[in-house]
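In the working numbering, the protein residues as written are 9 to 297.
All C-beta atoms, glycine included, are put in the ideal place defined by N, C-alpha and C.
Here the structure is a predicted model, which is why all the values come from computation and not from measurement.
The block underneath contains the structure these notes are about, expressed in structure tokens.
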């Protein structure tokens with residue numbers, strides 16, 4: 009995928025972990041460190057509209073998780089626990105003693121697991137439309153796994169890719185054109201099948217490696233950000249009666265003392281669609297003791 013992805017908005021760095029090479033970006037020289045963790049089918053460049061502003065006050069690091077972007081693709085599993093362990097190894101390699109995780113969607117679920125498993129490493133926790141709050145039955149999970157299989161992923165047409173991305177936004181942005189083009193271009197990559205397998209295993213991992221019980225164990229100061237017009241969570245097909253207000257309330261009540269910010273006129277990709285509002289919420293939360 010390295011050869012087909014368009015250049016990221018910030019220079020790409022690489023770090024060798026036990027299993028393979030991890031790609032990441034690092035901007036800013038602030039004392040406080042933010043590590044950004046992307047969601048399903050995404051990469052570190054998804055955070056560039058946030059890093060542009062936040063690098064003025066913080067050291068901003070965004071990782072390409074295994075299976076995604078310019079990082080290695082082969083792994084036996086892609087669960088929240090696996091990603092949490094990767095994040096821990098990554099942070100140790102960079103000699104980071106204390107930092108804040110900023111996780112979106114699947115990256116939010118991985119960040120929840122990290123906070124439960126490695127609480128001593130965290131300064132604060134910021135969860136943006138995190139996966140793992142909404143629970144699914146075994147039947148619902150099996151249905152989702154059947155749909156998200158490598159062959160189906162690899163056969164996705166350009167037109168369907170456009171529709172899929174439109175579902176992530178309240179109002180489509182021209183700034184999203186690069187990520188959409190990247191998704192189309194990677195169909196030509198030599199490792200596209202490995203990437204498709206990673207997506208399938210990631211979906212299974214989110215369903216199997218639940219974090220709902222981890223939430224109550226978290227003592228780290230936590231900020232939840234949800235958007236009022238999210239079309240992806242809660243799942244409109246499997247849980248048509250569940251509202252985003254109910255889901256966000258469940259999230260907030262699960263972590264004692266956590267804060268909740270709702271963003272207007274934004275879809276699931278709220279940090280990209282409304283960077284000014286999200287960045288302001290992050291700055292305010294980080295300034296609190």
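C-beta contact flag for residue i and residue j at 8 Å
| i | j | result |
| --- | --- | --- |
| residue 83 | residue 90 | yes |
| residue 137 | residue 262 | no |
| residue 177 | residue 107 | no |
| residue 88 | residue 219 | yes |
| residue 287 | residue 58 | yes |
| residue 62 | residue 252 | no |
| residue 194 | residue 13 | yes |
| residue 109 | residue 69 | no |
| residue 101 | residue 23 | yes |
| residue 285 | residue 271 | yes |
| residue 174 | residue 81 | no |
| residue 26 | residue 97 | yes |
Beta-carbon contacts of residue i that lie in its chain and below 6 Å, excluding the five residues immediately before and after
| i | result |
| --- | --- |
| residue 40 | 66 |
| residue 153 | 212 |
| residue 156 | 208 and 211 |
Nearest candidate by alpha-carbon position, reference residue i, set the options
| i | options | result |
| --- | --- | --- |
| residue 9 | 46, 43, 50 and 34 | 50 |
| residue 35 | 48, 18 and 46 | 18 |
| residue 113 | 291, 241 and 25 | 241 |
| residue 282 | 55, 24, 163 and 220 | 55 |
| residue 293 | 120, 135, 219 and 275 | 135 |
| residue 74 | 110, 278, 284 and 115 | 115 |
| residue 119 | 44, 252, 238 and 145 | 44 |
| residue 226 | 117, 254, 255 and 193 | 117 |
| residue 214 | 86, 81 and 16 | 86 |
| residue 15 | 104, 189, 145 and 159 | 189 |
| residue 163 | 196, 64 and 103 | 196 |
| residue 172 | 239, 255 and 76 | 239 |
| residue 121 | 167, 38, 46 and 223 | 223 |
| residue 273 | 179, 185 and 199 | 179 |
| residue 11 | 285, 296 and 200 | 200 |
| residue 28 | 151, 60, 48 and 76 | 76 |
| residue 46 | 295, 105 and 187 | 187 |
| residue 111 | 103, 256, 95 and 105 | 95 |
| residue 183 | 64, 279, 295 and 37 | 279 |
Neighbourhood of residue i by C-beta distance below 7 Å, restricted to the same chain and skipping five residues each side
| i | result |
| --- | --- |
| residue 72 | 30, 31, 32, 51, 52, 78 and 79 |
| residue 228 | 123, 127, 130, 132 and 133 |
| residue 149 | 215 |
| residue 181 | 281 |
| residue 104 | 41 |
Sequence-distant residues of its chain with Cβ nearer than 8 Å to residue i (five each side left out)
| i | result |
| --- | --- |
| residue 21 | 31, 32, 33 and 34 |
| residue 258 | 141 |
| residue 192 | 166 and 169 |
| residue 161 | 204, 207 and 208 |
| residue 143 | 218 and 220 |
Alpha helix (DSSP H) segment containing residue i, residue limits
| i | result |
| --- | --- |
| residue 154 | 146-155 |
| residue 286 | 283-295 |
| residue 18 | Residue 18 -> no alpha helix (DSSP H), and no H or E assigned at all. |
| residue 256 | 252-262 |
| residue 91 | 88-101 |
Contact test: residue i Cβ vs the ligand ATP heavy atom, cutoff 7 Å
| i | result |
| --- | --- |
| residue 127 | Looking for the ligand ATP in the displayed structure turns up nothing, as the structure carries no ligands at all. |
Extent of the continuous beta strand (DSSP E) run through residue i
| i | result |
| --- | --- |
| residue 22 | 21-24 |
| residue 70 | 67-71 |
| residue 43 | 41-45 |
| residue 111 | 107-112 |
| residue 35 | 29-35 |
| residue 134 | 130-136 |
Chain D contact for residue i (CB, 8 Å cutoff)
| i | result |
| --- | --- |
| residue 37 | Here chain D cannot be found, since the structure has a single protein chain. |
Counting Cβ pairs closer than 8 Å, one from the segment 258-268 and one from the segment 225-243, do we hit at least three?
yes
Does the pairing of the segment 243-259 with the segment 198-210 give three or more beta-carbon distances under 8 Å?
no
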